[in-house]
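K.L.:
Sharing a structure here in structure tokens format.
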Amino acid sequence: MTATQLGEITVHRIVEHEIPVYLPTDMFDEATPEALEPYREWLVPKALCPDTGCLVMPVVSYLVRTRYHCILIDTCVGCDKTYAEPSAWHRRANQRWLARLAAAGAHPDEIDFVFCTHLHSDHCGWNTRLVDGRWQPTFPNAKYVFSREEYAATEAEGHQLFLDNVLPVMEARQAVLVDMDYALDDELWLEPTVGHTAGHVAVHLNSGAHRAAMCGDLIHSPLQLAEPGWSCNSDFDLELAATTRKKFLGTHCDTDTLILTSHFPSPSVGHIVWNANRYDFSYL
Ligand SMILES: [Zn+2]
């Protein structure tokens, strides 16, 4: 497993799985075969599977070791969870993600903080695991940091996800609810990036002159670099999501900020660049 060095911060990408999941039109209403045609050659095969026609979207976490802390950003799908769709996420049984976390040198006991960009099934699944029939925090010594708005919105929905992935953390007194611009210290802070969800945040890292940002689901696919106005059907506010995405792309384009994505194909990490009259991604 390769690590990315960011000054004194080390970042490992922990992949849960990387498979073709959704047809482009399942995610973006605008992504008809005709609309996709100009981008097909650019996307195939890494981001668009030529056999299934589906977008290839890994589900990943980032393990971040700063001078002070061992931190996880987002916790993938998890095991034994009841998810309506996609079927590949429902009641997963393999523990490969935990093995990969161990291979990156981190035992669950060592995690000091868990940050969730938002509380969707593929970003908070490993928050808990089933022990003797009860959901328990996977990381017994961690504080789990959620934005107050995201927690409130997820609690109000009252779905199984909240009961399985979030509430057990709160009941264990391991949850910390913060403002969307919360700063842990001079090396990690949050930026409100609302649109995909009501309390979505990006997680910024800084060490010396080195910067990175984990963008969560404010961008799902490299396709949205070519078409920043295409919001995901699951965004709670499509217009706001597009505005947030355009601002983020404009801010970080052609800068040194390393973008840690949630769902771009491997290696998932790179820089936003301006190329041939549109945004593009220069993979690390
Ligand atoms: Zn996601």
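To convert, count from 1 in the sequence shown and add 1273; that's this note's numbering. Cβ atoms here follow ideal geometry from the backbone N, Cα and C, with glycine treated the same way.
#1: If you measure from the CB of residue 1395, is any heavy atom of ligand 1 nearer than 6 Å?
#2: For residue 1317, which residues in the same chain have their Cβ closer than 6 Å to its Cβ, ignoring the five residues on either side in sequence?
#3: Taking residue 1369 as the reference, give the member of 1281, 1287, 1452, 1494 with the closest Cα.
#4: Alpha carbon to alpha carbon, how far is residue 1284 from residue 1443?
#5: Using alpha carbons as the reference points, say which of 1303, 1328, 1419, 1314 lies closest to residue 1295.
#6: Enumerated in chain order, which unbroken segments of the alpha helix (DSSP H) with a length of 4 residues or greater are wholly contained in the segment 1309-1386?
#7: With a 10 Å radius around its C-beta and 16 neighbouring C-beta atoms as the bar for buried, classify residue 1551 as buried or exposed.
#8: Compute the Euclidean distance between the alpha carbons of residue 1488 and residue 1467, then round it to the nearest angstrom.
#9: Using three-state DSSP, classify residue 1447 as helix, strand or coil.
#10: May I have the straight-line CA-CA distance separating residue 1490 from residue 1279, to the nearest angstrom?
#11: Comparing alpha-carbon positions, which option in 1433, 1331, 1365, 1321 lies nearest residue 1254?
#12: Does the Cβ of residue 1535 lie closer than 6 Å to at least one heavy atom of ligand 1?
#13: Just the C-alpha distance for residue 1405 and residue 1382, rounded to the nearest angstrom, thanks.
#14: Give a yes or no on contact between the segment 1394-1403 and the segment 1468-1477, applying the rule of three or more CB pairs nearer than 8 Å.
#15: Just to confirm, are residue 1335 and residue 1346 a CB contact at a threshold of 7 Å?
#16: Near residue 1517, what residues of its chain come up, given a Cβ to Cβ distance below 7 Å and the 5 sequence neighbours on each side ignored?
#17: What are the start and end residues of the alpha helix (DSSP H) that includes residue 1424?
#18: Quick check on the DSSP output: the beta strand (DSSP E) that includes residue 1276 runs from which residue to which?
#19: Go to residue 1523, then tell me how far its alpha helix (DSSP H) extends in each direction, as first and last residue.
#20: Using the DSSP secondary-structure output, state which residues sit across from residue 1414 in a beta bridge.
#21: Does the Cβ-Cβ distance between residue 1471 and residue 1515 come in under 7 Å?
#22: Identify the residues that DSSP records as bridge partners of residue 1487: which are they?
#23: What whole-angstrom Cβ distance do residue 1546 and residue 1553 have, given they're in contact under 8 Å?
#24: Counting only the same chain and skipping the five closest in sequence on each side, list residues whose C-beta sits under 6 Å from that of residue 1303.
#25: Could you check whether residue 1423 and residue 1391 sit closer than 7 Å to each other, using their CB atoms as the reference points?
#26: Could you work out which residue in 1309, 1289, 1314, 1414 is closest to residue 1342 when comparing CA atoms only?
#27: Between residue 1508 and ligand 1, is the CB less than 6 Å from at least one heavy atom?
#28: Please identify the residue among 1402, 1455, 1333 whose C-alpha is closest to the C-alpha of residue 1473.
#29: Just grab the DSSP bridge partners of residue 1548 for me.
P.N.:
By the coordinates alone:
#1: For the purposes of this step, residue 1395 is taken as the residue at position 122 of the sequence shown. Taking 6 Å as the cut-off, one finds at least one heavy atom of ligand 1 near enough to the beta carbon of residue 1395.
#2: Translated into the one-based positions of the sequence shown, residue 1317 becomes position 44. Within the same chain, residue 1317 has close Cβ partners 1323.
#3: Locating residue 1369 in the sequence shown gives position 96, counting from the first residue. Ranking 1281, 1287, 1452, 1494 by Cα distance to residue 1369 puts 1287 first.
#4: Locating residue 1284 in the sequence shown gives position 11, where the first residue counts as 1. Locating residue 1443 in the sequence shown gives position 170, where the first residue counts as 1. About 27 Å.
#5: For the purposes of this step, residue 1295 is taken as residue 22 along the sequence shown, with counting starting at 1. Of 1303, 1328, 1419, 1314, the residue nearest in Cα terms is 1328.
#6: Here the runs fully enclosed are 1369-1376.
#7: As a working note, residue 1551 is residue 278 in the sequence shown. Residue 1551 comes out exposed.
#8: Here residue 1488 corresponds to residue number 215 of the sequence shown, with the count starting at 1. Here residue 1467 corresponds to residue number 194 of the sequence shown, with the count starting at 1. Residue 1488 and residue 1467 have their C-alpha atoms roughly 11 Å apart.
#9: In the sequence shown, the residue the question calls residue 1447 occupies position 174. It is coil, neither helix nor strand.
#10: Locating residue 1490 in the sequence shown gives position 217, counting from the first residue. Locating residue 1279 in the sequence shown gives position 6, counting from the first residue. Rounded to the nearest whole angstrom, the C-alpha separation of residue 1490 and residue 1279 is 22 Å.
#11: Shown here, the chain extends from 1274 to 1557; a query on residue 1254 therefore has no answer.
#12: On the sequence shown, residue 1535 is found 262 positions in, with the first residue counted as 1. Yes, since a heavy atom of ligand 1 falls inside the 6 Å radius drawn around the Cβ of residue 1535.
#13: Within the sequence shown, residue 1405 is the residue found at index 132, counting from 1. Within the sequence shown, residue 1382 is the residue found at index 109, counting from 1. So the two alpha carbons sit approximately 19 Å from each other.
#14: Because the criterion of three Cβ pairs below 8 Å is not met, the segment 1394-1403 and the segment 1468-1477 do not touch.
#15: In the sequence shown, counting from the first residue as 1, residue 1335 sits at position 62. In the sequence shown, counting from the first residue as 1, residue 1346 sits at position 73. The answer is yes: Cβ separation under 7 Å.
#16: In the sequence shown, the residue the question calls residue 1517 occupies position 244. Taking residue 1517 as the centre and dropping the five residues before and after it, the same chain places the C-beta of 1466, 1467, 1468, 1491 closer than 7 Å to its C-beta, in chain order.
#17: Working through the sequence shown from its first residue, we reach residue 1424 at position 151. Where residue 1424 is concerned, the enclosing alpha helix (DSSP H) stretches over 1421-1430.
#18: Here the question's residue 1276 lines up with position 3 in the sequence shown. First-last of the beta strand (DSSP E) with residue 1276: 1276-1279.
#19: If you number the sequence shown from 1, residue 1523 lands on position 250. 1511-1525 is the extent of the alpha helix (DSSP H) around residue 1523.
#20: Residue numbering aside, residue 1414 sits at position 141 when the sequence shown is read from its first letter. Paired residue(s): none; residue 1414 is not in a bridge.
#21: As a working mapping, residue 1471 is identified with position 198 in the sequence shown. As a working mapping, residue 1515 is identified with position 242 in the sequence shown. For residue 1471 and residue 1515, no; Cβs fall outside 7 Å.
#22: Along the sequence shown, read from residue 1 onward, the residue named residue 1487 stands at position 214. Its beta-bridge partners are 1476, 1533.
#23: Translated into positions along the sequence shown, residue 1546 becomes position 273. Translated into positions along the sequence shown, residue 1553 becomes position 280. Contact holds; Cβ gap of about 5 Å.
#24: Indexing the sequence shown from 1 puts residue 1303 at position 30. Here the set comprises 1503.
#25: The sequence position of residue 1391 within the sequence shown is 118, counting from 1. The sequence position of residue 1423 within the sequence shown is 150, counting from 1. Taking 7 Å as the Cβ cut-off, residue 1391 and residue 1423 qualify as a contacting pair.
#26: The count along the sequence shown starts at 1 and reaches residue 1342 at position 69. If we check each option's Cα against that of residue 1342, 1414 comes out closest.
#27: Position 235 of the sequence shown holds residue 1508. Distances from the CB of residue 1508 to the heavy atoms of ligand 1 are all 6 Å or more.
#28: Here residue 1473 refers to the residue found at position 200 when the sequence shown is read from its first residue. The shortest C-alpha separation from residue 1473 is found at 1455.
#29: Counting from 1 along the sequence shown, the entry for residue 1548 is found at position 275. Beta-bridge pairing links residue 1548 to 1551.
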